[in-house]
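Residues 170 to 227 in our numbering are what the sequence shown lists, from first letter to last.
C-beta atoms are modelled at their ideal positions from N, C-alpha and C, and glycine is treated no differently.
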Amino acid sequence: MHFFGPHYPSTHRDDVPDFGRDVAGGYDNEIAHTDLEVGRVLAFLEARFQASQVRLKE
Numbered sequence: 170m171h172f173f174g175p176h177y178p179s180t181h182r183d184d185v186p187d188f189g190r191d192v193a194g195g196y197d198n199e200i201a202h203t204d205l206e207v208g209r210v211l212a213f214l215e216a217r218f219q220a221s222q223v224r225l226k227e
């Protein structure tokens with residue numbers, strides 16, 4: 170699975186805190202949104218496959 174969120178140009182997301190409308194704030198907003206989505210995936214995996222392992226790679 171690949172998350173392609175935190176790249177320029179940023180898309181402001183309303184489901185996470187507002188970090189400002191400048192370039193840095195937009196990037197922080199994208200990171201927060203990606204973190205939220207990764208959390209949703211991990212919660213799904215934990216609920217469905219309790220004996221599974223999750224491995225993350227850069």
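- In the DSSP annotation of this structure, the continuous segment of the alpha helix (DSSP H) that includes residue 204 starts and ends at 192-217.
- One alpha carbon belongs to residue 218, the other to residue 225, and they sit about 17 Å apart.
- With a threshold of 16 other beta carbon atoms within 10 Å, residue 179 meets it and is buried.
- Counting only the Cα atoms, residue 192 lies some 38 Å from residue 221.
- Residue 195 counts as buried, since no fewer than 16 other beta carbons sit within 10 angstroms of its beta carbon.
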